[in-house]
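**Q** Sharing a structure here in structure tokens format.
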Amino acid sequence: MADERFFKLAGPFNLNQLADIADAEIAGADRSGTIFTDVAPLSTAGATDISFLENKKYIDAFTNSGAGACLVHPSYVDKAPSDMALLVLEQPYHGYARIAAAYYPDLPIDAGVHANAFVSESASLGTGVQIAAGACVGDNVTIGNNSLIGANTVVETGVHIGSGCRIAANVTLQCCDIGDFVILHPGVRIGQDGFGFAMGATGHLKVPQLGRVLVGDNVEIGANTTIDRGTGPDTVIGSGCKIDNQVQIGHNAQLGNGCILVAQVGISGSTEVGHFTAIGGQAGIAGHLKIGDGVQIAAKSGIMRNIDSGMTVGGSPAQPMKDWLRSVAAVERLGKKKGNANG
Amino acid sequence: MADERFFKLAGPFNLNQLADIADAEIAGADRSGTIFTDVAPLSTAGATDISFLENKKYIDAFTNSGAGACLVHPSYVDKAPSDMALLVLEQPYHGYARIAAAYYPDLPIDAGVHANAFVSESASLGTGVQIAAGACVGDNVTIGNNSLIGANTVVETGVHIGSGCRIAANVTLQCCDIGDFVILHPGVRIGQDGFGFAMGATGHLKVPQLGRVLVGDNVEIGANTTIDRGTGPDTVIGSGCKIDNQVQIGHNAQLGNGCILVAQVGISGSTEVGHFTAIGGQAGIAGHLKIGDGVQIAAKSGIMRNIDSGMTVGGSPAQPMKDWLRSVAAVERLGKKKGNANG
Amino acid sequence: MADERFFKLAGPFNLNQLADIADAEIAGADRSGTIFTDVAPLSTAGATDISFLENKKYIDAFTNSGAGACLVHPSYVDKAPSDMALLVLEQPYHGYARIAAAYYPDLPIDAGVHANAFVSESASLGTGVQIAAGACVGDNVTIGNNSLIGANTVVETGVHIGSGCRIAANVTLQCCDIGDFVILHPGVRIGQDGFGFAMGATGHLKVPQLGRVLVGDNVEIGANTTIDRGTGPDTVIGSGCKIDNQVQIGHNAQLGNGCILVAQVGISGSTEVGHFTAIGGQAGIAGHLKIGDGVQIAAKSGIMRNIDSGMTVGGSPAQPMKDWLRSVAAVERLGKKKGNANG
Chain A
1 MADERFFKLA
11 GPFNLNQLAD
21 IADAEIAGAD
31 RSGTIFTDVA
41 PLSTAGATDI
51 SFLENKKYID
61 AFTNSGAGAC
71 LVHPSYVDKA
81 PSDMALLVLE
91 QPYHGYARIA
101 AAYYPDLPID
111 AGVHANAFVS
121 ESASLGTGVQ
131 IAAGACVGDN
141 VTIGNNSLIG
151 ANTVVETGVH
161 IGSGCRIAAN
171 VTLQCCDIGD
181 FVILHPGVRI
191 GQDGFGFAMG
201 ATGHLKVPQL
211 GRVLVGDNVE
221 IGANTTIDRG
231 TGPDTVIGSG
241 CKIDNQVQIG
251 HNAQLGNGCI
261 LVAQVGISGS
271 TEVGHFTAIG
281 GQAGIAGHLK
291 IGDGVQIAAK
301 SGIMRNIDSG
311 MTVGGSPAQP
321 MKDWLRSVAA
331 VERLGKKKGN
341 ANG
Chain B
1 MADERFFKLA
11 GPFNLNQLAD
21 IADAEIAGAD
31 RSGTIFTDVA
41 PLSTAGATDI
51 SFLENKKYID
61 AFTNSGAGAC
71 LVHPSYVDKA
81 PSDMALLVLE
91 QPYHGYARIA
101 AAYYPDLPID
111 AGVHANAFVS
121 ESASLGTGVQ
131 IAAGACVGDN
141 VTIGNNSLIG
151 ANTVVETGVH
161 IGSGCRIAAN
171 VTLQCCDIGD
181 FVILHPGVRI
191 GQDGFGFAMG
201 ATGHLKVPQL
211 GRVLVGDNVE
221 IGANTTIDRG
231 TGPDTVIGSG
241 CKIDNQVQIG
251 HNAQLGNGCI
261 LVAQVGISGS
271 TEVGHFTAIG
281 GQAGIAGHLK
291 IGDGVQIAAK
301 SGIMRNIDSG
311 MTVGGSPAQP
321 MKDWLRSVAA
331 VERLGKKKGN
341 ANG
Chain C
1 MADERFFKLA
11 GPFNLNQLAD
21 IADAEIAGAD
31 RSGTIFTDVA
41 PLSTAGATDI
51 SFLENKKYID
61 AFTNSGAGAC
71 LVHPSYVDKA
81 PSDMALLVLE
91 QPYHGYARIA
101 AAYYPDLPID
111 AGVHANAFVS
121 ESASLGTGVQ
131 IAAGACVGDN
141 VTIGNNSLIG
151 ANTVVETGVH
161 IGSGCRIAAN
171 VTLQCCDIGD
181 FVILHPGVRI
191 GQDGFGFAMG
201 ATGHLKVPQL
211 GRVLVGDNVE
221 IGANTTIDRG
231 TGPDTVIGSG
241 CKIDNQVQIG
251 HNAQLGNGCI
261 LVAQVGISGS
271 TEVGHFTAIG
281 GQAGIAGHLK
291 IGDGVQIAAK
301 SGIMRNIDSG
311 MTVGGSPAQP
321 MKDWLRSVAA
331 VERLGKKKGN
341 ANG
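Laid out in structure tokens, this is it:
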């Protein structure tokens, strides 16, 4: 089980309860009398644990697992050990996510304002809000019900934070609206000035940044990620976006709903990204571009042109994925020849 | 107008006042009786707004704009609508920067030390200094007049900060001197140990880092950027440099005046960069190199050799820009062929 | 000498003492009566300074140096000026590291809990621990002897920190164990949720992250670096690892002992890196890979495949170093031709 210092185990659950949580069909061995106490990987799970099979690379581990029950896709049911109960569903990993969250629910919020926190008299806090030690909540800030503001986090004047949010420690928020059920990890910076200057040969003049950052609902943003506010228009992060650590998003950029940005991605100013687009780690996108819906961008790509919806691209500058793979193969062949590149 | 929660509108101004602020000539329709109340983009500006035309891509928007007045280059005066007043100057965007700053001046500093801040008795604060909640100002720190130290920012022993500086929240400063009128955004880290070790096959020995970071005047540094102190020599950031978010600058690096570093750039130790050099996002520069004045480095470039003043380079490893563009085109052609790279 | 505001000079030492500290043999001019007061570079050192020669590029500076004594490899002894005392050893830079640390020892810890700090009643602090202003130490935290927790740093519930650690300001720690003699620079984030979602076309479901981060002894981690906790298994940083600024390490990643990670490196989830492997700046490693012992990875590389121990690789996607250099040369030749890539 998970380290008790950090995680609190709930449950136990029987198989019917687990099937309800995961929205799955019961099959396999009859384990209706078993009390399941925890989740565990296939390799270490025992008779009172529930595990999952997501990837066919692990079929051997599945076949040899001692797990009392397992979440599994219909197509692998016949590979199960004879004494294993099965919870059968199309998306076993989604089922696991729900069951793991039932065994290890978020720690409850400890409502109230810590004696070492500072909250402006003009701030408005919903019911059940926790303001942790050292946090600073500025004038006219509004925070919805049951939200947590972590230790030493700074919420500047006028910011709105929705309900059910978990803002971690050492975060800085300014000139932004944060939706409901948003998770911000430590060191996130939202709403600072964008990088806007009238450049000149003898000096650069700062251009006031008069927009905001608008963050939708159910967004998660990783540690030390930075999102600048707009120049006049707003910077927008659509609902359901999941953003990893150390991502940089420039002023006026707009992400649609459900985008996935892996760590260390950079999106330059005024670029628009559609819905459910996924961007691999360390990729960079130039400014003022339009990236469509459902685009897949390989890690480390450099995007210098617009990309139509549904495309998969890679490389720097990026190409359609098949072209890029051929370019890579060709360049590698050049590297394996001794002598002239043209052979 | 900008969101009143975050920005306070000043003004209004008449056309003569705006021409003075922007240092521009009045032309076009007679709007001498109009009271101008705000800045706005061409597409949404109305009769009491002033807008600007910087890029010829927006000439249609200019011609169709309802803006009462517009900052414009002399060459586009004849494209203006007949009822628009014009402020004519060589650099319309510079004029806009000045006028926007007049309508939305920096919020005034609220001088004084917050009850929740900690300031060492040996620290020396100028007049009009604000120390926000949770900030920690260490022994023998000196801070010039009218500077702001943001909430939960930490200024370690002996640091000097000049006048008119705006240090945001959650910043850490040590072993550094900061000039006048410097802006540091949230999460900036200046003056920590450089990455210096005597490497060995059985362990790495830490080498004391005995230098400082010297930051000039009118420098702006973006959120979560890190600048290490020197090993004995100092790390130097020249006056007027503008550094974006999540930039990394290694020990002993030296930037001349007026350099532009876009987000996620990395500059390795002991590299010297000249004056007014511009470095695109996610570019990296190896250590112990000399980069000249006025160099332009494309985004995502990898710099492994010295670069002469005035050059424009791209790629990784970087080449002169024209060569790089040809390399890119050649590699893309290889990717479009099925079969052997040598065709 | 180093700036007195930030560094405190110890010593002085005579040549016998310095030879003992560096574990070196005395040779060259007789300086047994000299009192050496400081370290200095070859170019500026005077008669009472000790310097070092590490790199043959500096032999001229060595030959012309006014340093009273110098640490030097046996092979360069005959290039020394006639009035210079020598400390001869195989690894002069290691000797310098030891001598510089003797002249400039770490500032002593000022034991005690600052009045502006918050420490939970259930936390357990060793002897000689300093908790600086604004720091927050949560329930059941344990901290070994003589460790420093910097200003405005947040140590969440249950974290263990070993002895002799120096945790800088504005750091966030959760769900982790930190070994002995660990140095964490400002803005480090350890133990936040990994980037784990059950992806879907209509939304992404958060997967509970139930592991920890285990950091060994004698590890140093640079400013604003982020290390996510494991999903169930732990994320592991081996003893003696040295990690630069703005590095990102994903959930379940494992580093062996003595690895070197230069700034802005990204290591994706579940990747295992062996012992004493060195990874250049801005390099990225995909997830679920195995990188061997003693591997050398060039800056900006993109690693998409496993790498055997002892290999040196570069490029993106990475190739063996010799192949990569040939690829680079070939691509640069393509860029220098006008016209068709196949010439």
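The listed protein sequences derive, respectively, from chains A, B and C.
Be aware that the first sequence starts at 1, since it is given in my numbering, and climbs by one per residue.
Be aware that the second sequence starts at 1, since it is given in my numbering, and climbs by one per residue.
Be aware that the third sequence starts at 1, since it is given in my numbering, and climbs by one per residue.
All C-beta atoms in this analysis are idealised placements derived from N, C-alpha and C, irrespective of residue type, glycine included.
Given the structure is predicted, the values throughout are model-derived calculations rather than measurements.
Please specify which runs of the beta strand (DSSP E), each continuous and at least 3 residues long, are wholly inside the segment 269–316 of chain B, giving them in chain order.
**A** Complete beta strand (DSSP E) runs here, min 3: 312–314.
**Q** Check the C-beta distance from residue 221 (chain C) over to residue 188 (chain C) and give it rounded, since I have them as a contact under 8 angstroms.
**A** Reading the third sequence from its first residue, position 221 is the one you call residue 221 (chain C). Reading the third sequence from its first residue, position 188 is the one you call residue 188 (chain C). Confirmed, about 5 angstroms.
**Q** As a quick exercise: from B:200, B:296, B:302 and B:27, pick the residue whose alpha carbon is nearest that of residue 384 (chain B).
**A** What the structure shows of chain B is the stretch from 1 to 343, and residue 384 (chain B) is not part of that stretch, so it cannot be assessed.
**Q** Runs of 4 residues minimum, wholly inside the segment 126–153 of chain B: which ones carry the alpha helix (DSSP H) assignment?
**A** Taking only runs of at least 4 residues, no alpha helix (DSSP H) segment lies wholly in the segment 126–153 of chain B.
**Q** So, using beta-carbon positions, are residue 103 (chain A) and residue 10 (chain A) closer together than 8 angstroms?
**A** Sequence index remark: in the first sequence, residue 103 (chain A) carries index 103 (1-based). Sequence index remark: in the first sequence, residue 10 (chain A) carries index 10 (1-based). Yes, they are a contact pair.
**Q** Across which residues does DSSP place residue 184 (chain A) in a beta bridge pair?
**A** Taking the first sequence and counting its residues from 1, one reaches residue 184 (chain A) at position 184. According to DSSP, residue 184 (chain A) bridges with A:167 and A:221.
**Q** Do you know offhand how far residue 96 (chain A)'s Cα is from residue 124 (chain C)'s?
**A** Locating residue 96 (chain A) in the first sequence gives position 96, where the first residue counts as 1. Locating residue 124 (chain C) in the third sequence gives position 124, where the first residue counts as 1. Straight-line Cα distance between these residues: approximately 36 angstroms.
**Q** Shortest alpha-carbon distance to residue 12 (chain A) belongs to which of A:148, A:271, A:310 and A:105?
**A** Within the first sequence, residue 12 (chain A) is the residue found at index 12, counting from 1. When each option's Cα is compared against that of residue 12 (chain A), the closest is A:105.
**Q** Which same chain residues end up closer than 6 angstroms to residue 40 (chain C) when comparing Cβ atoms and leaving out the 5 residues on each side of it in sequence?
**A** As a position in the third sequence, residue 40 (chain C) is number 40, starting the count at 1. Closer than 6 angstroms at the Cβ level, and outside the excluded window around residue 40 (chain C), lie 49 and 51.
**Q** Determine the DSSP secondary structure at residue 240 (chain A), reduced to helix, strand or coil.
**A** By 1-based counting over the first sequence, the position of residue 240 (chain A) is 240. Looking at residue 240 (chain A) - three-state DSSP - the assignment turns out to be coil, as it is neither helix nor strand.
**Q** List, in order along the chain, the chain B residues whose C-beta lies closer than 7 angstroms to that of residue 300 (chain C)?
**A** Counting from one through the third sequence, the residue named residue 300 (chain C) turns up at place 300. Those within 7 angstroms of residue 300 (chain C) in chain B are 284, 302 and 316.
**Q** Would you give the residue range spanned by the alpha helix (DSSP H) that residue 85 (chain C) belongs to?
**A** Sequence index remark: in the third sequence, residue 85 (chain C) carries index 85 (1-based). Residue 85 (chain C) -> not in any alpha helix (DSSP H); beta strand (DSSP E) instead, spanning 85–88.
**Q** Taking only beta-carbon positions, decide if residue 290 (chain B) is within less than 8 angstroms of chain C.
**A** Position 290 of the second sequence, counted from the first residue, corresponds to residue 290 (chain B). So, not an interface residue.
**Q** Looking at C-alpha atoms only, which residue of C:326, C:331, C:335 and C:327 is the closest neighbour of residue 323 (chain B)?
**A** Translated into the one-based positions of the second sequence, residue 323 (chain B) becomes position 323. The shortest C-alpha separation from residue 323 (chain B) is found at C:335.
**Q** Is residue 52 (chain A) near the ligand SAH, with its Cβ less than 7 angstroms from a heavy atom?
**A** This structure lacks the ligand SAH, and indeed carries no ligand of any kind.
**Q** Leaving out five residues on either side along the sequence, give the residues of the same chain with a beta carbon under 6 angstroms from the beta carbon of residue 298 (chain C).
**A** Within the third sequence, residue 298 (chain C) is the residue found at index 298, counting from 1. Correct list, in chain order: 280 and 314.
**Q** In the DSSP output, which residue or residues are listed as bridge partners for residue 160 (chain C)?
**A** In the third sequence, residue 160 (chain C) corresponds to position 160, counting from 1. C:142 and C:177.
**Q** I'd like to know whether the C-beta atoms of residue 261 (chain A) and residue 243 (chain A) end up nearer to each other than 8 angstroms.
**A** The sequence position of residue 261 (chain A) within the first sequence is 261, counting from 1. The sequence position of residue 243 (chain A) within the first sequence is 243, counting from 1. Yes. Within cutoff.
**Q** Work out the CA separation of residue 164 (chain A) and residue 59 (chain A) for me, nearest whole Å.
**A** Locating residue 59 (chain A) in the first sequence gives position 59, where the first residue counts as 1. Locating residue 164 (chain A) in the first sequence gives position 164, where the first residue counts as 1. Their backbone Cα atoms lie some 39 angstroms apart in a straight line.
**Q** When you compare the CB of residue 71 (chain A) with every CB in chain C, is at least one pair closer than 8 angstroms?
**A** Counting from 1 along the first sequence, the entry for residue 71 (chain A) is found at position 71. Answer no: the Cβ-Cβ gap between residue 71 (chain A) and chain C never drops below 8 angstroms.
**Q** Taking 8 angstroms as the CB-CB limit, is residue 319 (chain B) close to chain A?
**A** Sequence index remark: in the second sequence, residue 319 (chain B) carries index 319 (1-based). By this cut-off, residue 319 (chain B) is not an interface position.
**Q** Looking at the strands, I want to know which residues DSSP matches up with residue 235 (chain B).
**A** As a first step, residue 235 (chain B) is located in the second sequence; it is residue number 235 there, counting from the start. DSSP, once it has assigned bridges, lists B:213 as partnering residue 235 (chain B).
**Q** Would you kindly report the start and end of the unbroken beta strand (DSSP E) that includes residue 72 (chain B)?
**A** Translated into the one-based positions of the second sequence, residue 72 (chain B) becomes position 72. 69–72 is the extent of the beta strand (DSSP E) around residue 72 (chain B).
**Q** Hey, residue 288 (chain C) and residue 271 (chain C) are a contact pair by Cβ (cut 8 angstroms); roughly how many whole angstroms apart?
**A** What you label residue 288 (chain C) is simply residue 288 of the third sequence in a count that begins at 1. What you label residue 271 (chain C) is simply residue 271 of the third sequence in a count that begins at 1. Confirmed, about 6 angstroms.
**Q** From B:327, B:312, B:307 and B:308, pick the residue whose C-alpha is nearest to that of residue 316 (chain A); which is it?
**A** Reading the first sequence from its first residue, position 316 is the one you call residue 316 (chain A). When only C-alpha atoms are compared, the closest one is B:327.
**Q** Tell whether a beta-carbon distance below 8 angstroms holds between residue 158 (chain B) and residue 182 (chain B).
**A** Locating residue 158 (chain B) in the second sequence gives position 158, counting from the first residue. Locating residue 182 (chain B) in the second sequence gives position 182, counting from the first residue. Result no, Cβ atoms of residue 158 (chain B) and residue 182 (chain B) do not sit closer than 8 angstroms.
**Q** Counting contacts by CB-CB distance shorter than 8 angstroms, is residue 6 (chain A) in contact with chain D?
**A** The chain inventory of the structure shown lacks chain D, comprising the protein chains A, B and C.
**Q** Could you name the residues of the same chain whose beta carbon sits closer than 6 angstroms to that of residue 149 (chain B), not counting the 5 residues immediately before and after it, in chain order?
**A** Here residue 149 (chain B) refers to the residue found at position 149 of the second sequence. The residues are 131, 135 and 167.
**Q** Mind checking if residue 111 (chain B) is an interface residue toward chain A, Cβ cutoff 8 angstroms exclusive?
**A** For this step, residue 111 (chain B) is matched to residue 111 along the second sequence. So no, residue 111 (chain B) is outside the interface.
**Q** Can you tell me the Cα-Cα spacing of residue 90 (chain C) and residue 71 (chain C), whole angstroms?
**A** Residue 90 (chain C) sits at position 90 when you count from the first residue of the third sequence. Residue 71 (chain C) sits at position 71 when you count from the first residue of the third sequence. For residue 90 (chain C) and residue 71 (chain C), the distance between alpha carbons rounds to 10 angstroms.
**Q** Say whether chain C places a C-beta atom closer than 8 angstroms to the C-beta of residue 206 (chain B).
**A** The residue given as residue 206 (chain B) occupies position 206 in the second sequence. So yes, residue 206 (chain B) belongs to the interface.
**Q** When you check each C-beta in the segment 244–263 of chain A against every C-beta of chain B, which residues fall closer than 8 angstroms?
**A** Hits within the stretch, in order: 246, 248 and 250.
**Q** Excluding the five sequence neighbours on either side, which residues of its own chain have a C-beta within less than 6 angstroms of the C-beta of residue 152 (chain A), listed in chain order?
**A** Along the first sequence, one-based indexing puts residue 152 (chain A) at 152. So the list reads 134, 169 and 170, once near-sequence residues are dropped.
**Q** Here's the rule I'm using: 16 or more other beta-carbon atoms within 10 Å means buried, otherwise exposed. How should residue 83 (chain B) be labelled?
**A** What you label residue 83 (chain B) is simply residue 83 of the second sequence in a count that begins at 1. By the neighbour-count rule (16 or more Cβ atoms within 10 Å), residue 83 (chain B) is not buried but exposed.
**Q** How many Å lie between residue 331 (chain C) and residue 307 (chain B) at the Cα?
**A** Taking the first residue of the third sequence as 1, we reach residue 331 (chain C) at position 331. Taking the first residue of the second sequence as 1, we reach residue 307 (chain B) at position 307. Distance between the alpha carbons of residue 331 (chain C) and residue 307 (chain B) is about 19 angstroms.
**Q** Buried or exposed for residue 55 (chain C), going by 16 or more other Cβ atoms inside 10 Å?
**A** Against the third sequence, residue 55 (chain C) aligns to sequence position 55. Answer is exposed; the Cβ neighbour count stays below 16.
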